[in-house]
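One line per chain: the protein sequences are A and B, in this order.
Residue numbering for the first sequence follows my numbering, starting at 23 and increasing by one per position.
Residue numbering for the second sequence follows my numbering, starting at 579 and increasing by one per position.
Every residue, glycine too, gets a C-beta built ideally from N, C-alpha and C.
Accompanying notes for the structure given below.
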Amino acid sequence: QQQVKQSPQSLIVQKGGISIINCAYENTAFDYFPWYQQFPGKGPALLIAIRPDVSEKKEGRFTISFNKSAKQFSLHIMDSQPGDSATYFCAASRGRGSTLGRLYFGRGTQLTVWP
Amino acid sequence: NAGVTQTPKFQVLKTGQSMTLQCAQDMNHEYMSWYRQDPGMGLRLIHYSVGAGITDQGEVPNGYNVSRSTTEDFPLRLLSAAPSQTSVYFCASSWDRGSYGYTFGSGTRLTVV
Numbered sequence: 023q024q025q026v027k028q029s030p031q032s033l034i035v036q037k038g039g040i041s042i043i044n045c046a047y048e049n050t051a052f053d054y055f056p057w058y059q060q061f062p063g064k065g066p067a068l069l070i071a072i073r074p075d076v077s078e079k080k081e082g083r084f085t086i087s088f089n090k091s092a093k094q095f096s097l098h099i100m101d102s103q104p105g106d107s108a109t110y111f112c113a114a115s116r117g118r119g120s121t122l123g124r125l126y127f128g129r130g131t132q133l134t135v136w137p
Numbered sequence: 579n580a581g582v583t584q585t586p587k588f589q590v591l592k593t594g595q596s597m598t599l600q601c602a603q604d605m606n607h608e609y610m611s612w613y614r615q616d617p618g619m620g621l622r623l624i625h626y627s628v629g630a631g632i633t634d635q636g637e638v639p640n641g642y643n644v645s646r647s648t649t650e651d652f653p654l655r656l657l658s659a660a661p662s663q664t665s666v667y668f669c670a671s672s673w674d675r676g677s678y679g680y681t682f683g684s685g686t687r688l689t690v691v
């Protein structure tokens with residue numbers, strides 16, 4: 023059973039536009055929600071993360087929106103640039119219990135930003 | 579400060595062969611894990627370790643073995659390679675179990691023929 027569901031699978035956005043990637047989860051015990059960015063031939067790198075006590079977190083052009091009641095969170099990339107073209111993964115983990123620290127990943131979104 | 583180092587970067591194996599994928603980190607992280615990445619499947623956890631001498635299974639452990647004799651090293655062993663193990667393998671580490679700041683290696687691309 024997939025713990026974190028991510029959509030869309032691929033996304034094409036024009037330079038300067040807004041990229042939006044959505045994720046949903048079922049396990050209400052999750053309390054940490056990171057996003058990872060991966061360029062071809064590289065390992066994933068932590069981009070931004072949020073905890074469920076806040077509804078939004080912004081770092082530069084990247085914003086996470088979190089809806090605890092709907093069990094959904096999303097990544098918004100403002101003023102998207104060709105250099106943002108990469109695969110993005112959402113993930114979730116719980117801070118306690120037998121699965122402490124385990125990250126459950128979505129299946130990824132391949133973002134292409136064309137000039 | 580090298581972070582997480584994986585070797586080799588590429589490997590081709592014949593079905594039935596065994597090999598060890600190496601992973602080393604120099605950040606004194608307690609938590610280390612192995613993932614495999616397949617197209618459209620995201621990253622799936624194979625095995626993980628919360629400290630030297632302690633390991634546990636993830637989502638897809640069959641056909642793989644791990645040990646953690648030191649804090650720095652966490653090798654992944656393929657016991658008898660199968661074509662279904664063709665994948666890109668990533669090692670990751672974190673300074674605590676709360677998943678803060680996972681650091682990933684650059685990956686090993688394995689092909690089993």
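Query raised in the report: By how many angstroms is the C-alpha of Lys37 (chain A) removed from the C-alpha of Asn643 (chain B)?
Result: On the second sequence, position 65 is the one that residue 643 (chain B) refers to. On the first sequence, position 15 is the one that residue 37 (chain A) refers to. Rounded to the nearest angstrom, the two C-alpha atoms are 45 Å apart.
Query raised in the report: Asn83 (chain A) CB to nearest chain B CB: under 7 Å?
Result: Taking the first sequence and counting its residues from 1, the one referred to as residue 83 (chain A) is at position 61. Sequence check: residue 83 (chain A) is Arg here, not Asn. So no, Arg83 (chain A) is outside the interface.
Requested in this report: Return the bridge partner residues of Trp136 (chain A) from the DSSP annotation.
Outcome: In the first sequence, residue 136 (chain A) corresponds to position 114, counting from 1. DSSP lists A:Gln36 as partners of Trp136 (chain A).
Report task. State the CB to CB distance for the pair Met619 (chain B) and Arg129 (chain A), rounded to an integer number of angstroms; the pair is presumed to be in contact (CB under 8 Å). Result -> Here residue 619 (chain B) refers to the residue found at position 41 when the second sequence is read from its first residue. Here residue 129 (chain A) refers to the residue found at position 107 when the first sequence is read from its first residue. Yes, Met619 (chain B) and Arg129 (chain A) are in contact; Cβ-Cβ is about 6 Å, under 8 Å.
Report task. Compare the C-beta of Ser665 (chain B) with all C-beta atoms of chain A and state if any pair is closer than 7 Å. Result -> In the second sequence, residue 665 (chain B) corresponds to position 87, counting from 1. Not an interface residue.
Query raised in the report: Which class does Gln600 (chain B) belong to by DSSP, given the choice of helix, strand or coil?
Result: Residue 600 (chain B) sits at position 22 when you count from the first residue of the second sequence. Note: Gln600 (chain B) maps to strand in three-state DSSP.
Query raised in the report: Which full runs of the beta strand (DSSP E) of 3+ residues lie inside the stretch 43-107 of chain A, going along the chain?
Result: DSSP runs (the beta strand (DSSP E)) wholly in the stretch 43-107 of chain A: 55-60, 67-72, 78-81, 84-89 and 94-99.
Query raised in the report: Anyone know if the C-beta pair for Met100 (chain A) and Ile40 (chain A) falls short of 7 Å?
Result: Stepping through the first sequence from its first residue, residue 100 (chain A) is reached at position 78. Stepping through the first sequence from its first residue, residue 40 (chain A) is reached at position 18. Against a cut-off of 7 Å, the Cβ pair of Ile40 (chain A) and Met100 (chain A) comes out as a contact.
Report task. Could you pull out every residue in the same chain whose Cβ sits closer than 7 Å to the Cβ of Gln663 (chain B), ignoring the five residues on either side in sequence? Result -> On the second sequence, position 85 is the one that residue 663 (chain B) refers to. So the qualifying residues of the chain are Gly641, Leu656, Leu688 and Val690.
Requested in this report: Output the distance between the C-alpha atoms of Gln14 (chain A) and Asp106 (chain A), rounded to the nearest integer angstrom.
Outcome: No information on residue 14 (chain A) is available, as it lies outside the stretch 23 to 137 that chain A covers here.
Query raised in the report: Under three-state DSSP, which class holds Gln31 (chain A)?
Result: Along the first sequence, one-based indexing puts residue 31 (chain A) at 9. In the structure shown, Gln31 (chain A) sits in coil (DSSP, three-state: anything other than H, G, I, E or B).
Report task. Return the first residue and the last residue of the beta strand (DSSP E) that Thr689 (chain B) is part of. Result -> Here residue 689 (chain B) is taken as the residue at index 111 of the second sequence, counted from 1. Taken as a continuous stretch (DSSP letters only), the beta strand (DSSP E) holding Thr689 (chain B) covers Thr686 to Val690.
Report task. Figure out for me which residue from B:Glu637, B:Ile624, B:Val666 and B:Asp604 has the closest Cα to the Cα of Thr681 (chain B). Result -> Stepping through the second sequence from its first residue, residue 681 (chain B) is reached at position 103. Of the listed residues, the one whose Cα sits closest to Thr681 (chain B) is B:Asp604.
Report task. Using a cut-off of 7 Å between C-beta atoms, extract the partners of Tyr680 (chain B) located in chain A. Result -> Along the second sequence, one-based indexing puts residue 680 (chain B) at 102. What Tyr680 (chain B) touches in chain A: Leu68 and Leu125.
Query raised in the report: Is there at least one Cβ from chain B nearer than 7 Å to Arg73 (chain A)'s Cβ?
Result: The residue you call residue 73 (chain A) lines up with position 51 of the first sequence. With 7 Å as the cut-off, Arg73 (chain A) does not count as an interface residue toward chain B.
Query raised in the report: Is the beta carbon of Ser102 (chain A) sitting closer than 7 Å to the one on Val135 (chain A)?
Result: Here residue 102 (chain A) refers to the residue found at position 80 of the first sequence. Here residue 135 (chain A) refers to the residue found at position 113 of the first sequence. In this structure, Val135 (chain A) lies closer than 7 Å to Ser102 (chain A) by Cβ.
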